[in-house]
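Visitor: Residue 50 in the working numbering sits at position 61 of the sequence shown, and the numbers go up by one each step. The C-beta atom is built at its ideal place from N, Cα and C for all residues, glycine as well.
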Amino acid sequence: MSAAAPPIRPMRIEDALGVHELCTRVLFSPQPGIDEGLGRARSLARIEHLVTTDPGGSWVAEDEGRIAGVAIALVREGIWGFSLYAVDEAVQGRGLGRRLLDACLAYGADAGATGWLILSSEHPAAMRRYARAGFALAPCVAAMGIPDLRRAPDAVARVEDAGTAGIPLADRIGRAVRGAGHGRDLPTALAGGARLLVLEDRGFALMRGGNAMLLAATDEEAASTVLWAGLAGAPAGSTALIDFMTGAQQWAITVCLDAGLPLSPDGPVFAKGRLGPLAPYLPSGAYL
Ligand SMILES: CC(C)(COP(=O)(O)OP(=O)(O)OC[C@H]1O[C@@H](n2cnc3c(N)ncnc32)[C@H](O)[C@@H]1OP(=O)(O)O)[C@@H](O)C(=O)NCCC(=O)NCCS
């Protein structure tokens, strides 16, 4: 019989590096063209930001002095999002993942969350945990490659790189689309080198190179335009990555196909409770 899994405890800011190293071992895939030091700095900034804003939603387990499990959930305006979830291979399958997820769900319930959102990996244990916790599964595709920009609409010229000045607008649009704004989290993403593109008062895209990290809009035309602008504005030769496209994001699938990007299966989105329409919307893995 396998030994009992280590106990869980609230995460502390000093755990951030151990959490990053665990996620590097079992969850994160290497990002093409991203220097390891830069990737680590961004990951630590994300982890430290969330343990600061959501200490009650940040949990770890230690095994022989090193971080062996983590789960981090955030709550924004009544919407709970699951940002990070990993257990070391040596202790997987012993119920540790379940206890970490339960602690994060309890945090959401205590914080009065009414809507719940998870972007899942394709790991069978992760999908099982989420479905068993009562979440509904929406299948997703992702697109990755060097985009062909010849079909970008002329309207991309109207998209502005707004920087931090665009945060209030993005916050309003996110509130209408997700059910909660992203204003509290966007400064961390921008400090890490992401660009915040806006189209009038209709849509925004948070881009890192060719990666659409987060996008929401009031209408599909605006959503397509800011996505095209994001692809067109990335440094030449950047690999585009657009992930977690549910069936409700046909507009994004059309952009990807028009840009010549191949589609592949992605982990599903899991949701329950009261959320916004979640379209047009490309969620953020870190901040949902
Ligand atoms: C997802 C993860 C955190 C779960 O942690 P864990 O400690 O293994 O979870 P638990 O032991 O509590 O539960 C795993 C469940 O999946 C089942 N399971 C494990 N491996 C499985 C597999 N290959 N196929 C099907 N089911 C599997 C277990 O039987 C268990 O179900 P049960 O409790 O109903 O019997 C861990 O597997 C992990 O880190 N995976 C890699 C990183 C990842 O994908 N993270 C999710 C990001 S969204």
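Just curious, the alpha helix (DSSP H) that M116 is in, first and last residue?
Guide: Segment 113 to 121, the alpha helix (DSSP H) holding M116.
Visitor: Hey, is Q81 close to ligand 3, as in C-beta under 7 Å from one of its heavy atoms?
Guide: You won't find ligand 3 in this model; what it holds is ligand 1.
Visitor: Helix, strand or coil for L203, going by three-state DSSP, please let me know.
Guide: Residue state, collapsed to three classes: strand.
Visitor: Contact defined as beta carbons within less than 8 Å: I believe T235 pairs with A127. What is the distance between those atoms, to the nearest angstrom?
Guide: That pair is a contact at about 5 Å.
Visitor: Please work out which residues of its chain come closer than 8 Å, Cβ to Cβ, to A34, disregarding the five sequence neighbours upstream and downstream, and give them in chain order.
Guide: For A34, where only same-chain residues beyond five positions count, the Cβ hits under 8 Å are T177, A180, G181.
Visitor: Could you spell out where the alpha helix (DSSP H) holding S32 opens and where it closes?
Guide: Unbroken alpha helix (DSSP H) run through S32: 25 to 42.
Visitor: Check whether the Cβ of L94 lies closer than 7 Å to any heavy atom of ligand 1, and answer yes or no.
Guide: No.
Visitor: So, does the segment 165 to 172 touch the segment 248 to 267, judging by three or more C-beta pairs under 8 Å?
Guide: The segment 165 to 172, when compared against the segment 248 to 267, does touch it at the 8 Å Cβ threshold.
Visitor: Look at the alpha carbon of S47 and the alpha carbon of L16, and state the distance between them as a whole number of angstroms.
Guide: Near 17 Å, if we compare the C-alpha coordinates of L16 and S47.
Visitor: Within 7 Å: the Cβ of H112 and any heavy atom of ligand 1?
Guide: At least one heavy atom of ligand 1 is nearer than 7 Å to the Cβ of H112, so yes.
Visitor: Give the list of continuous alpha helix (DSSP H) stretches no shorter than 4 residues that lie fully inside the segment 200 to 274.
Guide: Entirely contained in the segment 200 to 274, the alpha helix (DSSP H) runs reaching 4 residues are, in chain order, 209 to 222, 239 to 247.
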